[in-house]
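Engineer: When we follow numbering that gives the first Met the number 0, the leftmost residue of the sequence shown carries the number 0, and every step to the right adds one. Even for Gly, the Cβ is constructed at its ideal location relative to N, Cα and C. Computed from a predicted model, the values in this text were never measured in an experiment. If you scroll down you'll find the structure; I have some questions about it.
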Amino acid sequence: MSGIFSGDDVLGPASQTPIVIFDSLACVSSCSMGLFILTTRMNPNIRRTRAWYIMSITLTVFPLLYLTNAGYQFQSNDPPFGLCLFQAALIYAGPPTATLAVFCYMLDVALSVHAAMSHKTRSKFSFRVLSWLPSAMFMLMYTFAVMAVTSTESVTFDSERMFCGAGAGSLHARTSASFTILSLAGMLITEVWIIVMLVKAWRNKQLNQPGEHALQISVTVRFGIFTVLVGVVGRCVQTVAL
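Below is the structure:
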């Protein structure tokens, strides 16, 4: 049985199969999120906040980071150091940025719920901060990943030739994992805060009541399901990427 690619400097079919599956899953994941955003955008009856779009776009781009050196995955030789470092820096910046974008969206929902219960209007400053935090995290982690490289041999393809990195125990991986865990912890705290506010709203009979500051049970249920899915996906991303 021959592989997709053949040649003297190309991996054998057995080594190509997991790479093809990995790349295919990345493409399907990114395309699915892209279609989800497009469908939402084209429906005039669906309104989403800026934080939601930033989170969704971040999750759409994130899988593509693993494909920046797709042409070299099937070769026995590593890509040039510059390309390998470029991909490694993107990947180490990816998980913290993605989880922070989700956390910012959850915090955006929590602040909106709090404003509705308090009969107040949210400040524009909070919207701006939550919109720019993921971008700031990406630039910070990307810059750190590039500057923390000590030698050209420290960044290479992993043993499965899926993507470039500095190793699971490297400073890059530990730093990326630390920021990712902090965002996941923030998500958990924010979820508890939302639950507490919704319980209070239920006791005060603010759920499903007409008016500008009403809280809908259907929205609460959808957000709860979303949180569970994000927690599972986040854990999988952390395990695979780091």
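Take Ser75 as the anchor and find which of Cys30, Met161, Ser23 has the nearest alpha-carbon.
Structural biologist: When each option's Cα is compared against that of Ser75, the closest is Met161.
Engineer: Check this for me: beta carbons of Ala172 and Ala165, under 8 Å apart or not?
Structural biologist: Cβ distance < 8 Å, so Ala172 and Ala165 count as in contact.
Engineer: Is there contact between the stretch 139-152 and the stretch 73-89, where contact requires at least three CB pairs shorter than 8 Å?
Structural biologist: These segments touch.
Engineer: Which of the three DSSP states, helix, strand or coil, is assigned to Gly81?
Structural biologist: Note: Gly81 maps to helix in three-state DSSP.
Engineer: Is the beta carbon of Ser28 less than 8 Å from the beta carbon of Pro62?
Structural biologist: Yes, they are a contact pair.
Engineer: Please name the residue, chosen from Thr48, Ala100, Arg40, Gln72, that lies closest to Gly185 on a Cα-to-Cα basis.
Structural biologist: If we check each option's Cα against that of Gly185, Ala100 comes out closest.
Engineer: Suppose you measure from the CA of Leu34 to the CA of Met146; what does that come to, to the nearest Å?
Structural biologist: Those two C-alpha atoms are separated by around 36 Å.
Engineer: Considering only the beta carbon of each residue, do Met196 and Val112 sit closer than 8 Å?
Structural biologist: Their beta carbons are under 8 Å apart, which means Met196 touches Val112 by this criterion.
Engineer: Can you tell me the Cβ-Cβ gap for Thr189 and Phe102, rounded? I've got them flagged as a contact below 8 Å.
Structural biologist: Sure, about 7 Å apart at Cβ, within 8 Å.
Engineer: Scan the stretch 37-100 and note each continuous alpha helix (DSSP H) run of 4 residues or more that stays entirely inside, going in chain order.
Structural biologist: Listed in chain order, they are 49-60.
Engineer: How big is the Cα-Cα spacing for Ile36 and Thr59?
Structural biologist: Taking the straight line from one Cα to the other gives about 9 Å.
Engineer: Can you list, in chain order, the residues of its chain whose CB lies under 7 Å from that of Pro17, leaving out five sequence neighbours each side?
Structural biologist: Glu159.
Engineer: Can you give me the C-alpha to C-alpha distance between Tyr129 and Tyr104, rounded to a whole angstrom?
Structural biologist: Residue 129 is actually Leu in this sequence, not Tyr. Using only the alpha carbons, I get a separation of about 8 Å.
Engineer: Tell me the DSSP secondary structure of Leu241 in three-state form.
Structural biologist: Low confidence applies here, because Leu241 scores a pLDDT of 49, under 50, leaving its location unreliable and the question unanswered by this model.
Engineer: Among Leu66, His118, Leu110, Trp51, which residue has its Cα nearest to the Cα of Ile90?
Structural biologist: Checking every option, the nearest Cα to that of Ile90 belongs to Leu66.
Engineer: Could you tell me which of Trp192, Asn68, Thr48 sits nearest to Asp157, measuring between CA atoms?
Structural biologist: Residue Asn68 is the option with its Cα nearest to Asp157.
Engineer: Would you mind giving the Cβ-Cβ distance between Ala97 and Thr155, rounded to the nearest angstrom? I have them listed as a contact below 8 Å.
Structural biologist: In fact, because the Cβ distance is near 24 Å, the residues do not count as touching under 8 Å.
Engineer: May I ask you to list the residues that DSSP assigns as paired with Cys163?
Structural biologist: Beta-bridge pairing links Cys163 to Phe156.
Engineer: With a threshold of 6 Å on Cβ separation, who are the neighbours of Tyr72 within its own chain once the five nearest residues in sequence on each side are excluded?
Structural biologist: The question names Tyr, but residue 72 in the sequence shown is Gln. These residues qualify, in order along the chain: Ile18, Arg160.
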